[in-house]
Amino acid sequence: MSKRSNEPFLWLLFSAGGVVAAMLIPIQLFLFGLAFPLGWLDGPGYQSLLELVRHPLTRLYLFALCTLSLFHFAHRFRYTLYDGLQIKHLNELINTFCYGGAILGTAVTAYLLWIIP
Amino acid sequence: MADTITLEVTRYHPGRDKEPGLQTYGVPLRKEWVILDALNYVKDRLDGSLTFRWSCRMGVCGSCGMMVNGEPKLTCATFLSDYAPGPVRVEPMKNFPILRDLVVDPSDFLVKLTKSKPWLIRKEERPLAEGEYLQTPEQLDTYKQFSMCINCMLCYAACPVYGLDPLFSGPAAIALAQRYNMDSRDQGADERMDILSQHDGIWGCTFVGDCTEVCPKNVDPAGAIQQYKLTATREWVKSFLMPWQGK
Numbered sequence: 001m002s003k004r005s006n007e008p009f010l011w012l013l014f015s016a017g018g019v020v021a022a023m024l025i026p027i028q029l030f031l032f033g034l035a036f037p038l039g040w041l042d043g044p045g046y047q048s049l050l051e052l053v054r055h056p057l058t059r060l061y062l063f064a065l066c067t068l069s070l071f072h073f074a075h076r077f078r079y080t081l082y083d084g085l086q087i088k089h090l091n092e093l094i095n096t097f098c099y100g101g102a103i104l105g106t107a108v109t110a111y112l113l114w115i116i117p
Numbered sequence: 118m119a120d121t122i123t124l125e126v127t128r129y130h131p132g133r134d135k136e137p138g139l140q141t142y143g144v145p146l147r148k149e150w151v152i153l154d155a156l157n158y159v160k161d162r163l164d165g166s167l168t169f170r171w172s173c174r175m176g177v178c179g180s181c182g183m184m185v186n187g188e189p190k191l192t193c194a195t196f197l198s199d200y201a202p203g204p205v206r207v208e209p210m211k212n213f214p215i216l217r218d219l220v221v222d223p224s225d226f227l228v229k230l231t232k233s234k235p236w237l238i239r240k241e242e243r244p245l246a247e248g249e250y251l252q253t254p255e256q257l258d259t260y261k262q263f264s265m266c267i268n269c270m271l272c273y274a275a276c277p278v279y280g281l282d283p284l285f286s287g288p289a290a291i292a293l294a295q296r297y298n299m300d301s302r303d304q305g306a307d308e309r310m311d312i313l314s315q316h317d318g319i320w321g322c323t324f325v326g327d328c329t330e331v332c333p334k335n336v337d338p339a340g341a342i343q344q345y346k347l348t349a350t351r352e353w354v355k356s357f358l359m360p361w362q363g364k
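Chains B and U supply the protein sequences, listed in that same order.
Here the numbering used here is used: position 38 in the first sequence is 38, and no number is missing along the way.
Here the numbering used here is used: position 185 in the second sequence is 302, and no number is missing along the way.
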């Protein structure tokens with residue numbers, strides 16, 4: 001089949017990001033934003049949390065969570081700019097800004113997760 | 118209940134008027150009257166030059182779609198008394214060029230509808246002697262909802278993306294493509310995919326969902342488009358992972 005569009009790829013990242021963000025970020029926020037600081041649950045100490053983050057699977061989880069959410073944002077914001085501000089004629093600039101931002105965020109995420117001691 | 122209600126109706130006569138304007142008419146406010154009855158009252162008793170489309174008066178033909186107080190409605194299924202004490206504003210469907218008064222030009226929609234090939238496509242027709250193509254009730258249920266579309270174009274009048282980007286295929290054309298894609302007797306999904314998976318086909322949709330809200334037949338075109346995006350993405354992944362299967 002002839003494929004004329006790279007939209008499926010971007011939409012795949014967008015929808016994966018949407019699922020990941022909708023399902024996992026509320027849990028992260030609840031645990032680290034409310035439950036641990038307010039003492040509803042006994043939070044892990046710094047040392048054990050560091051141990052957890054050092055584990056390759058945790059790094060992979062955080063990488064997926066951050067990057068997919070970024071691509072979700074990029075895709076949604078691109079269309080918000082297209083339709084909301086009606087500046088679709090600037091599409092090259094908008095695409096570079098949105099997806100470029102997500103790629104940059106991905107690189108920063110990878111770097112930060114890589115340098116964990 | 119007051120016994121009359123004011124209609125504010127768009128009037129436009131190309132060649133004579135520079136732009137569309139509103140004209141007001143007082144019509145009887147009857148409990149059993151729909152907007153279309155009020156328009157017909159105007160046409161019969163007050164102003165024979167008022168132009169609008171209608172046919173079946175029972176929500177089947179899809180001809181009488183108009184904007185009623187800014188919302189796309191079938192005027193045969195919209196009661197006048199719901200808008201009491203009025204005034205009620207009746208305008209031609211948004212996002213379409215006006216031909217005259219309340220009549221819009223559907224050409225763009227018809228071109229898009231044809232492009233999405235909303236009919237059964239067979240690679241090879243079975244000989245008549247072999248009988249009908251049988252279908253189970255379950256197979257019917259997969260697409261039945263989408264087959265309720267009456268081409269009234271209210272979803273196009275409601276769609277903000279179509280309003281901004283006339284290249285977008287639009288809700289009904291995609292929902293009808295999906296109706297045939299999901300039909301067990303059809304083999305034309307590949308042909309439709311080539312057209313609909315282009316940028317202007319399905320990807321312009323940002324899932325606003327207004328099409329589904331205004332649909333008088335509960336078709337859910339927004340759902341059809343999202344389903345189609347998933348199908349197109351699956352095909353894209355397949356062609357990426359298994360390029361040797363390319364057609």
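Note that the Cβ used here is the ideal one computed from N, Cα and C, for glycine as well.
Sequence-distant residues of the same chain with beta carbon closer than 6 Å to B:Ala102, five excluded per side: Taken in chain order, the residues that qualify are Leu70, Phe71 and Ala74.
In the DSSP assignment, what residue or residues form a beta bridge with U:Gln140? The partner list for U:Gln140 (beta bridge, DSSP) reads U:Val126.
Euclidean distance between Cα positions of U:Tyr158 and U:Gly176: Going by the C-alpha atoms only, they are around 19 Å apart.
Span separating the alpha-carbon of U:Leu167 from that of U:Gly132: Computed Cα separation, rounded: 16 Å.
Looking at the unbroken beta strand (DSSP E) that takes in U:Gly182, where does it start and where does it end? Element bounds for U:Gly182: Gly182 to Val185.
My output table needs one value for B:Arg76: the three-state DSSP class, helix, strand or coil. Note: B:Arg76 maps to helix in three-state DSSP.
Determine, for U:Trp361, whether the minimum Cβ-Cβ distance to residues of chain B falls below 7 Å. Not an interface residue.
Quick check: is the beta carbon of U:Lys346 nearer than 7 Å to any beta carbon in chain B? Closer than 7 Å: yes.
Taking C-beta pairs closer than 9 Å, name the residues in chain B that U:Ala349 reaches, listed in chain order. Those within 9 Å of U:Ala349 in chain B are Ser5, Glu7, Pro8 and Trp11.
In this structure, does DSSP put U:Ile267 in helix, strand or coil? DSSP, read as helix, strand or coil, puts U:Ile267 in coil.
Segment limits, alpha helix (DSSP H) that includes B:Pro26: Annotation for B:Pro26: the continuous alpha helix (DSSP H) segment containing it runs Glu7 to Gln28.
Nearest CA to the CA of U:Lys234: which residue from U:Met310, U:Phe213 and U:Met265? Per the C-alpha coordinates, the member of U:Met310, U:Phe213 and U:Met265 positioned closest to U:Lys234 is U:Met310.
Quick one: give me the first and last residue of the alpha helix (DSSP H) that U:Lys190 is part of. Here U:Lys190 belongs to no alpha helix (DSSP H); instead the beta strand (DSSP E) covers Glu188 to Leu191.
How about U:Tyr260 and U:Met299: are their beta carbons less than 7 Å apart? Result yes, Cβ atoms of U:Tyr260 and U:Met299 sit closer than 7 Å.
Rounded to a whole number of angstroms, what is the C-alpha to C-alpha distance between U:Leu191 and U:Asp225? Computed Cα separation, rounded: 20 Å.
Say whether chain B places a C-beta atom closer than 7 Å to the C-beta of U:Leu281. Interface criterion met: the Cβ of U:Leu281 is under 7 Å from a Cβ in chain B.
Of the choices U:Asp317, U:Trp361, U:Asp337 and U:Arg239, whose alpha-carbon is the least far from that of U:Ala306? When each option's Cα is compared against that of U:Ala306, the closest is U:Arg239.
Where U:Ile319 and U:Lys232 are concerned, what is the direct C-alpha to C-alpha distance, given to the nearest angstrom? So the alpha carbons of these two residues sit roughly 13 Å apart.
Assign U:Glu308 to one of two classes, buried (16 or more other C-beta atoms within 10 Å of its C-beta) or exposed (fewer than that). U:Glu308 is exposed by the Cβ-count criterion.
Classify U:Asp303 as helix, strand or coil using the three-state DSSP reduction. Three-state result, U:Asp303: coil.
Members of the segment 45-69 of chain B that neighbour chain A once the beta carbon cut-off is set at 9 Å: Judged by its chain identifiers, the structure shown contains no chain A, and its protein chains are B and U.
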